[in-house]
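Protein sequence lines correspond, in order, to chains A and B. Residue numbering for the first sequence follows the working numbering, starting at 160 and increasing by one per position. Residue numbering for the second sequence follows the working numbering, starting at 85 and increasing by one per position. Presented below is the structure to which this report refers.
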Amino acid sequence: MRFILLFAAFAVLGLSFESALPRLVSFRELIPNLIIILAVDLGLRHHGVLPAILAFAMGYATDALAGTHPGLNAFMMTMIFLVSYEISTRLMVTNAFVGATVVFFGVIATALATVAIGAGFGALADSGSMLAGLTLKAAISAIIAPFIFSMLSSGKRLTGLPARAGRE
Amino acid sequence: MRGGFLWRNRVLLTSGALLIVSLHLISTGVHPGDLAARPQSVFLEIISPVDAAFTRLGEGASSVVGDYLDLLHVREENARLREELARVRSDRALLAELQVENRHLGELLELRDALGTTAVAANVIGSDATGLSRTLILASGSSNGIRPGMAVLSNQGVVGKIIAVSPHASRVLLIDDHNSALDGFDQRSRARGIVAGLVDDGLILKYADRSQDIRNGDTVVTSGLDGIFPRGLLVGTIKSVHREGPGLFLGVRIAPAVDFRGLEQVLVITQPPPRLDEPGKG
Chain A
160 MRFILLFAAF AVLGLSFESA LPRLVSFREL IPNLIIILAV DLGLRHHGVL
210 PAILAFAMGY ATDALAGTHP GLNAFMMTMI FLVSYEISTR LMVTNAFVGA
260 TVVFFGVIAT ALATVAIGAG FGALADSGSM LAGLTLKAAI SAIIAPFIFS
310 MLSSGKRLTG LPARAGRE
Chain B
85 MRGGFLWRNR VLLTSGALLI VSLHLISTGV HPGDLAARPQ SVFLEIISPV
135 DAAFTRLGEG ASSVVGDYLD LLHVREENAR LREELARVRS DRALLAELQV
185 ENRHLGELLE LRDALGTTAV AANVIGSDAT GLSRTLILAS GSSNGIRPGM
235 AVLSNQGVVG KIIAVSPHAS RVLLIDDHNS ALDGFDQRSR ARGIVAGLVD
285 DGLILKYADR SQDIRNGDTV VTSGLDGIFP RGLLVGTIKS VHREGPGLFL
335 GVRIAPAVDF RGLEQVLVIT QPPPRLDEPG KG
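This is the structure in structure tokens:
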């Protein structure tokens with residue numbers, strides 16, 4: 160229960176931050192995607208059914224506040240969780256660099272999926288102008304990912320949870 | 085049991101099932117009243133107050149930072165005067181903010197009276213959480229009479245339409261989102277088309293016939309034929325017209341009339357517009 164509450168609190172704060180900030184910052188590409196960082200942390204460090212469901216739920220909560228195709232963020236967060244989980248179990252690496260790399264590609268993949276599902280795959284050819292901003296957003300998300308992982312570890316310690324849950 | 089196939093692959097199987105559920109949601113969509121729409125409404129309801137608080141906090145922080153920078157230049161003054169100055173400035177900023185809000189609401193009321201329809205004013209409290217789509221979050225929802233599909237306007241022109249509601253919050257799809265489309269026409273030439281958003285910002289007028297005399301600077305307004313937006317509302321002005329290349333239609337770019345980033349209050353039309361004939365005919 161503490162585990163769910165911790166991630167729910169981080170997700171609510173992250174989503175509210177991402178939603179409120181574009182009105183104060185003129186360049187929205189500077190705002191990182193915090194939910195993807197949470198999904199990567201779940202996949203790398205928490206191997207079980209509950210973390211998978213949490214990743215899906217965080218994506219579905221994002222769908223309530225973003226985008227026009229409900230289920231798209233839920234799909235992408237589950238996919239990012241799964242990729243992180245596979246990297247963690249098969250390659251046996253869970254360090255912050257690997258996490259940041261998955262975050263970087265996760266942000267780009269999510270954006271391209273949003274354009275492809277929303278406007279059709281043909282629109283990807285016209286999305287060249289958004290690639291620079293998107294790469295910047297992905298880079299910023301990747302750079303702050305280790306700090307968020309560290310905050311999550313602190314949160315887990317404070318609530319008495321193990322930093323790495325491992326297999327159930 | 086713990087060594088069994090299902091147990092060993094439970095994460096993969098759960099994730100696979102969730103991916104299938106997600107794909108089902110994407111392909112079928114979530115309609116108001118659906119079981120799948122309820123969690124969305126709950127999420128929107130939970131997050132919107134925190135979102136509003138973050139927005140207020142952010143605006144407050146900007147104001148505090150501004151005040152602090154100003155105060156650095158008056159070090160010689162004593163603490164009481166500084167506090168007094170900060171308080172007066174804060175009050176003045178608040179008063180100015182209230183005046184602006186009052187003016188916006190007054191303009192929206194004038195707009196509502198001019199339209200002769202029922203409408204509710206709503207405060208904008210957030211933007212699209214991922215920044216990948218162009219949506220806004222309003223601090224009013226179904227308890228204020230707002231329903232999906234309703235038109236959203238500002239005193240500058242057409243803003244978008246409601247796509248999701250919870251009791252005390254709602255989401256607006258802006259007209260410059262790549263999923264958005266509305267029926268509009270060039271006010272001077274009467275050329276009709278579909279105003280749609282682009283992936284890389286801006287608006288286009290789709291399906292405008294090559295024979296039409298559309299020119300830069302022309303005004304584009306809503307036709308009222310889509311059953312969402314009342315006729316004659318300002319959408320934007322023609323930015324460029326491309327006649328080169330193959331195809332049946334013109335390439336027309338529109339500069340939106342509304343500054344979507346600066347929106348603070350909007351008007352939601354709660355009464356659908358009457359059905360109309362094509363412009364120039366009706």
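Where a beta carbon is used, it is the ideal one built from N, C-alpha and C, also for glycine.
Residue j and residue i - do their beta-carbons sit closer together than 7 Å?
{"i": "G244/B", "j": "V342/B", "result": "no"}
{"i": "V407/B", "j": "I338/B", "result": "Residue numbering for chain B in the displayed model covers 85 to 366; residue 407/B lies beyond these limits and cannot be assessed."}
{"i": "A223/B", "j": "I353/B", "result": "no"}
{"i": "I131/B", "j": "S300/A", "result": "no"}
{"i": "A198/A", "j": "Q124/B", "result": "no"}
{"i": "G268/B", "j": "S227/B", "result": "no"}
{"i": "G314/A", "j": "L203/A", "result": "no"}
{"i": "S217/B", "j": "D285/B", "result": "no"}
{"i": "P340/B", "j": "L266/B", "result": "no"}
{"i": "L317/A", "j": "D200/A", "result": "no"}
{"i": "G215/B", "j": "R187/A", "result": "yes"}
{"i": "A145/B", "j": "Q349/B", "result": "no"}
{"i": "P251/B", "j": "G225/B", "result": "yes"}
{"i": "A220/A", "j": "F89/B", "result": "no"}
{"i": "L189/B", "j": "P314/B", "result": "no"}
{"i": "T269/A", "j": "L102/B", "result": "no"}
{"i": "P305/A", "j": "A255/A", "result": "yes"}
{"i": "A275/B", "j": "A292/B", "result": "yes"}
{"i": "I190/A", "j": "L180/A", "result": "yes"}
{"i": "P229/A", "j": "V114/B", "result": "yes"}
{"i": "T112/B", "j": "A211/A", "result": "no"}
What are the residues that DSSP puts in a beta bridge with residue i?
{"i": "V325/B", "result": "V336/B"}
{"i": "G210/B", "result": "I221/B"}
{"i": "V305/B", "result": "F269/B and L318/B"}
{"i": "L351/B", "result": "A205/B and L237/B"}
{"i": "A296/A", "result": "Note on identity: in this sequence residue 296/A is Lys, with Ala being the wrong assignment. None; K296/A has no bridge partner."}
{"i": "L287/B", "result": "G281/B and I338/B"}
{"i": "D222/A", "result": "DSSP, once it has assigned bridges, lists no residue as partnering D222/A."}
{"i": "D197/B", "result": "D197/B pairs with nothing; no bridge assigned."}
{"i": "D175/B", "result": "According to DSSP, D175/B bridges with nothing at all."}
{"i": "N293/B", "result": "According to the sequence shown, residue 293/B is Asp rather than Asn. F333/B."}
Under 8 Å by Cβ, that's how I've got residue i and residue j pegged, so tell me the actual separation to the nearest angstrom.
{"i": "I221/B", "j": "S178/A", "result": "6 Å"}
{"i": "G281/B", "j": "I298/B", "result": "The pair is not a contact, with the Cβ atoms about 19 Å apart (cut-off 8 Å)."}
{"i": "L257/B", "j": "T227/A", "result": "6 Å"}
{"i": "G265/A", "j": "I239/A", "result": "4 Å"}
{"i": "L231/B", "j": "I247/B", "result": "A small fix is needed here, since residue 231/B is Arg in this sequence, not Leu. Going by Cβ atoms, the distance from R231/B to I247/B rounds to 11 Å, so no, they are not a contact pair."}
{"i": "V274/A", "j": "V261/A", "result": "Contact doesn't hold; Cβ gap of about 21 Å is too wide."}
{"i": "V208/A", "j": "R94/B", "result": "5 Å"}
{"i": "I267/A", "j": "L293/A", "result": "6 Å"}
{"i": "L351/B", "j": "S264/B", "result": "Incorrect: roughly 18 Å between the Cβ atoms, too far for contact."}
{"i": "R173/B", "j": "D197/B", "result": "Not really, about 36 Å apart at Cβ, beyond 8 Å."}
{"i": "Q355/B", "j": "T201/B", "result": "5 Å"}
Where does residue i land, buried or exposed, given buried means 16+ other C-beta within 10 angstroms?
{"i": "R326/A", "result": "Here R326/A scores only 48 on pLDDT, less than 50, and its place in the model is too uncertain to base an answer on."}
{"i": "S324/B", "result": "exposed"}
{"i": "G218/A", "result": "buried"}
{"i": "G346/B", "result": "exposed"}
{"i": "K296/A", "result": "buried"}
{"i": "A259/A", "result": "buried"}
{"i": "G277/B", "result": "buried"}
{"i": "M235/A", "result": "buried"}
{"i": "I361/A", "result": "Because chain A spans 160 through 327 in this model, residue 361/A falls outside it and cannot be assessed."}
{"i": "F333/B", "result": "exposed"}
{"i": "G364/B", "result": "Bear in mind that a pLDDT of 49 at G364/B, under 50, signals an unreliable position, so the model cannot answer this."}
{"i": "L309/B", "result": "buried"}
{"i": "M234/B", "result": "buried"}
{"i": "V149/B", "result": "exposed"}
{"i": "G366/B", "result": "Unreliable placement is indicated for G366/B, whose pLDDT of 40 sits below 50; the coordinate value is still reported in the next sentence. Exposed: under 16 other Cβ atoms inside 10 Å."}
{"i": "H205/A", "result": "buried"}
{"i": "L317/B", "result": "buried"}
{"i": "Q296/B", "result": "buried"}
{"i": "A170/A", "result": "buried"}
{"i": "R255/B", "result": "buried"}
{"i": "N300/B", "result": "exposed"}
{"i": "G319/A", "result": "exposed"}
{"i": "N192/A", "result": "buried"}
{"i": "I48/B", "result": "Residue 48/B lies beyond the range of chain B shown here (85 to 366); nothing can be said about it."}
{"i": "H326/B", "result": "exposed"}
{"i": "I307/A", "result": "buried"}
Does the distance between the C-beta of residue i and the nearest non-hydrogen atom of the ligand PLP fall short of 6 Å?
{"i": "G202/A", "result": "Among the components of this structure there are no ligands whatsoever, and the ligand PLP is therefore not found."}
Uninterrupted beta strand (DSSP E) stretches inside the region 224–282 of chain B (no shorter than 3 residues): Fully enclosed beta strand (DSSP E) runs of 3 or longer: 235–238, 241–250, 253–258, 265–270 and 276–281.
Length at least 4, wholly inside the region 90–170 of chain B: the alpha helix (DSSP H) runs in chain order: Correct list: 94–112 and 121–156.
Short-range partners of chain D found in the region 106–128 of chain B, where Cβ spacing is below 9 Å: In the displayed structure, chain D is absent; the protein chains listed are A and B.
Residue ranges of each alpha helix (DSSP H) within the region 244–276 of chain A, 4 or longer: Correct list: empty.
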